[in-house]
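Worksheet: one structure, shown below.
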Amino acid sequence: MTPYDEPMRLALVEARKALDTDDVPIGAVVVAADGKVLSRGRNEREAVGDPTGHAEIVALRAAAGVVGDGWRLDGCTLVVTLEPCTMCAGAAVLSRVARVVYGAADPKAGAMGSLWDVVRDRRLNHRPEVVSGVLSDEAAELLLAFFSERRGEGGLR
158 MTPYDEPMRL ALVEARKALD TDDVPIGAVV VAADGKVLSR GRNEREAVGD
208 PTGHAEIVAL RAAAGVVGDG WRLDGCTLVV TLEPCTMCAG AAVLSRVARV
258 VYGAADPKAG AMGSLWDVVR DRRLNHRPEV VSGVLSDEAA ELLLAFFSER
308 RGEGGLR
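Residue numbers (the numbering used here): 158 to 314.
Given below as structure tokens:
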């Protein structure tokens, strides 16, 4: 058990909600330094027709609104069920989160060590800590079932 299990469980709840709109089941939460959950997000590209509607972006935008101190999320942790892509890794850097915690690795598009390593690029002015593999089996199983169903192999529902 890790200190990130509970926020990851909340992110998994959000991921499951994405299924209602036929979005890829990825969820995210932003947690303040004191442990308070500031925001939640899930993929909503299909639901709202927005190519930037990734769970991380949704959660970061909402957290910035809650913090009310501009766009900086100093001391916050972004918890997401799947390793962020380049867009979301860049958003994590630009929002100044202290750390990113993710569940399943994404060898096809992951930008926190799997395919690219955006957040550890020394040329950037902010490099959040990365914690990987939190509840990775649950996160991966949800995604595998979703794509299995899409291919007509059975799955979630």
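Where is the CB? At the ideal position from N, CA and C, for every residue including glycine.
Asked	Found
If I follow the unbroken alpha helix (DSSP H) through residue 249, where does it start and stop?	243-252
Check the C-beta distance from residue 201 over to residue 186 and give it rounded, since I have them as a contact under 8 angstroms.	With a Cβ gap of about 15 angstroms, residue 201 and residue 186 do not count as contacting.
Residues in its own chain within less than 6 angstroms of residue 286 by CB, not counting five upstream and five downstream?	256
Just how far apart, CA to CA, sit residue 167 and residue 280?	33 angstroms
Start and end of the alpha helix (DSSP H) containing residue 307?	293-307
Apply the 10 Å Cβ neighbour rule to residue 164 and answer buried if 16 or more other Cβ atoms are within range, or exposed otherwise.	buried
Measure the CB-CB distance between residue 157 and residue 238 and report whether it falls below 8 angstroms.	There is no way to answer for residue 157, as the model of the chain reaches only from 158 to 314.
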